[in-house]
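Each remark here refers to the structure printed beneath this line.
Right, here's the structure in full:
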């Protein structure tokens, strides 16, 4: 069984968190967003307060979310790994997705040929280190998300406090999440979408290069692309007000 929280009323938005995190990472941001919409935060399997599932792969994880949440068509906002999951759901369960927001997400997370992404060796290193020192690996991952930002120490403190509310996911689930990021290519899926799509990237993101924005537009010309100046991989912490404004514009002007 998966754990979820719902706040507010209005158009429904579902928030899907990233690798090794849980829905608590959204709490402050979700409560602000819930002043305008009905916001549901869900813990991925084995993350936060949700039960483990086997195997932890894209299809099984997406199915688990769909089977847990109400059938009402909603805007799905996926962050990082959550963006990959939201894209898969939009492809396989189009009747459940009224619109899509990809936040610091990439339909092909790793770099390949001329595609901008994270170097696969970074994910390989995380995978190798998980088996020897899981906590240290997770802390390095948190640091990477705020690397290069002027307020990185304060942001890292917020990230650590949020993630430590719950026990970390088990190694199999963490490895499964890395496998999804490393081996999933949803560029063709993105190209086929007919719902409104917003892509929001930070120009200081060390995991999702800002250059991917223009490449994504080649697959779906009508998407709304926004680059947040000075933002890294966690804009809902570092640029919350700007992000709220962007989401409200997207939901109120572009979404049914």
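In my numbering, the protein residues as written are 1 to 256. Ideal placement from N, C-alpha and C gives every residue a C-beta, glycine not left out.
Might you give, ordered along the chain, the residues of its own chain that have their beta carbon closer than 7 Å to the beta carbon of residue 18, omitting 5 neighbours on each side?
79, 80, 81, 82
Select from 20, 107, 250 the residue whose C-alpha is nearest the C-alpha of residue 127.
20
Given 8 Å as the limit, is there contact between the segment 194–209 and the segment 86–104, that is, 3 or more CB pairs closer than that?
yes
To which residues of the same chain is residue 118 closer than 7 Å at the C-beta, ignoring the five residues directly before and after it?
Excluding sequence neighbours, residue 118 sits near 109, 110, 111, 207.
Leaving out five residues on either side along the sequence, give the residues of the same chain with a beta carbon under 6 Å from the beta carbon of residue 179.
Hits under 6 Å: none found.
Residue 9: buried (16+ other C-beta within 10 angstroms of its C-beta) or exposed?
Result: exposed.
With which residues is residue 112 paired in a DSSP beta bridge?
115
Should residue 148 be labelled buried (16 or more other beta-carbon atoms within 10 Å of its own) or exposed?
exposed
Touch check for the segment 142–158 and the segment 51–68: three-plus C-beta pairs under 8 Å?
Under the Cβ criterion (8 Å, minimum of three pairs), the segment 142–158 does not count as touching the segment 51–68.
Helix, strand or coil: how does DSSP classify residue 124 here?
helix
Going by Cα to Cα distance, which pick from 190, 174, 91 is closest to residue 266?
What the structure shows of the chain is the stretch from 1 to 256, and residue 266 is not part of that stretch, so it cannot be assessed.
Who does residue 279 pair with in a DSSP beta bridge?
The structure shown does not extend to residue 279, since the chain spans only 1 to 256, so no value can be given for it.
Any chance you could list the beta strand (DSSP E) runs of at least 3 consecutive residues sitting entirely within the segment 118–206, in chain order?
Taking 3 residues as the shortest admissible run, the segment 118–206 contains the following complete beta strand (DSSP E) segments, listed from N- to C-terminal end: 197–202.
Per DSSP, which one or two residues make a beta bridge with residue 62?
In DSSP, residue 62 forms no bridge with anything.
Helix, strand or coil for residue 220? Go by DSSP, reduced to three states.
coil
Between 193, 231, 242, 229, which lies nearest to residue 93 when the distance is taken from Cα to Cα?
193
Extract the residue ranges of the beta strand (DSSP E) inside the segment 45–109, only unbroken runs of 3 or more that lie entirely within it.
74–79, 97–103
Quick check: the Cα distance between residue 61 and residue 53, rounded to an integer number of angstroms?
8 Å
Leaving out five residues on either side along the sequence, give the residues of the same chain with a beta carbon under 8 Å from the beta carbon of residue 226.
198, 199, 200, 201, 246
Kindly indicate which three-state DSSP category residue 209 falls into: helix, strand or coil?
Shown here, residue 209 sits in coil according to DSSP, grouped into three states, outside any helix or strand.
Just reading off the beta strand (DSSP E) that residue 40 is part of, what are its end residues?
38–42
Give the range of the alpha helix (DSSP H) segment to which residue 236 is assigned.
235–238 is the extent of the alpha helix (DSSP H) around residue 236.
Would residue 232 and residue 146 qualify as a contact pair, given that the criterion is a beta-carbon distance under 8 Å?
yes
Take residue 156 and list the residues in its own chain whose beta-carbon comes closer than 7 Å to its own, dropping the five residues that flank it on each side.
142, 143, 146
Alpha carbon to alpha carbon, how far is residue 224 from residue 217?
Cα to Cα, residue 224 sits roughly 9 Å from residue 217.
Report all residues from its chain with a CB closer than 8 Å to the CB of residue 168; omit the five preceding and five following residues, and keep chain order.
20, 134, 135, 138, 174
Got a sec? Which residues, its chain only, sit under 8 Å from residue 205 by beta carbon, not counting five neighbours each side?
Once the five neighbours on either side are set aside, the close Cβ partners of residue 205 are 104, 231, 232, 233.
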